[in-house]
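Accompanying notes for the structure given below.
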Amino acid sequence: MIRYALICDGEHEFEAWFRNSSDFDEQAEAGLVECPLCASTAVKKAVMAPNIASPKRRKDSPQAMMMEVAGKVRSHIRDNFDYVGNKFADEARAMHDGDTPHRDIYGETTPEQAKALAEDGVPCSPLPAPFAPVPPKLVN
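With the numbering used here, the residue at position 131 of the sequence shown is 140, and numbering never jumps.
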């Protein structure tokens, strides 16, 4: 595994691990590498220098602080929102239309469903990977 320092077109710096250099190149070219702060897929390798950091310096790094915030967001969503899985678009639309009572939900949509929700004014937002909780298993 190789750790790369990356930077997006919004000048956010972050790190990611890849199996090898060609894996990064292929994933970046396909738009699969996303900035955890702004979700931009215009990502390239940043200039890297050896970094010998003390434990305190590592703890206070922007990446460490961002990951701490991401963990708190994940916990808040997991503890306070209902996971609806792939029924997210239907549930969000039903609440928007007044067919069901409002509640905080999270789940998955297809890109087409997300676009339709946005076009219809249904309030929703994608969660970048570091902020999204691991989905629980749904019981049927």
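Virtual Cβ for every residue (Gly too), placed ideally from N, Cα, C.
Here the structure is a predicted model, which is why all the values come from computation and not from measurement.
Residue environment for Val42: buried (at least 16 other C-beta atoms within 10 angstroms of its C-beta). Apart from the 5 residues on each side of it in sequence, Ala98 sits with its Cβ closer than 7 Å to the Cβ of Thr118, Gln122, Leu126 in its chain, given in chain order. Gly80 and Gly94 do not touch by the CB rule: their CB atoms are close to 22 Å apart, not below 8 Å.
Taking the C-beta atoms as reference points, Arg12 is found nearer than 7 Å to Glu24. Here DSSP, grouped into helix, strand and coil, assigns Lys124 to helix. At least 7 Å separates the beta-carbon of Ala48 from that of Leu15.
Excluding its 5 nearest sequence neighbours in each direction, Gly19 has C-beta neighbours in its own chain below 7 Å: Cys44, Cys47, Ser49, listed in chain order. Nearest in C-alpha terms to His111, of all of Val78, Asp91, Ser31, is Asp91. Non-local beta-carbon contacts of Cys17 in its own chain, meaning distances under 7 Å to residues more than five positions away in sequence, involve Cys44, Cys47, Ser49, Ala51, Val52 in chain order. The DSSP-derived three-state label of Lys54 is strand. DSSP places Glu117 outside any beta strand (DSSP E), giving it a letter other than H or E.
About 6 Å separates the beta carbon of Val131 from that of Arg102, a gap short enough to meet the 8 Å contact definition.
Counted as a single uninterrupted DSSP element, the stretch harbouring Asp106 is not any alpha helix (DSSP H), since DSSP gives it neither H nor E.
Within the same chain, Ala48, Ala123 come within 8 Å of Pro135 by CB-CB distance, once the 5 residues on both sides are set aside.
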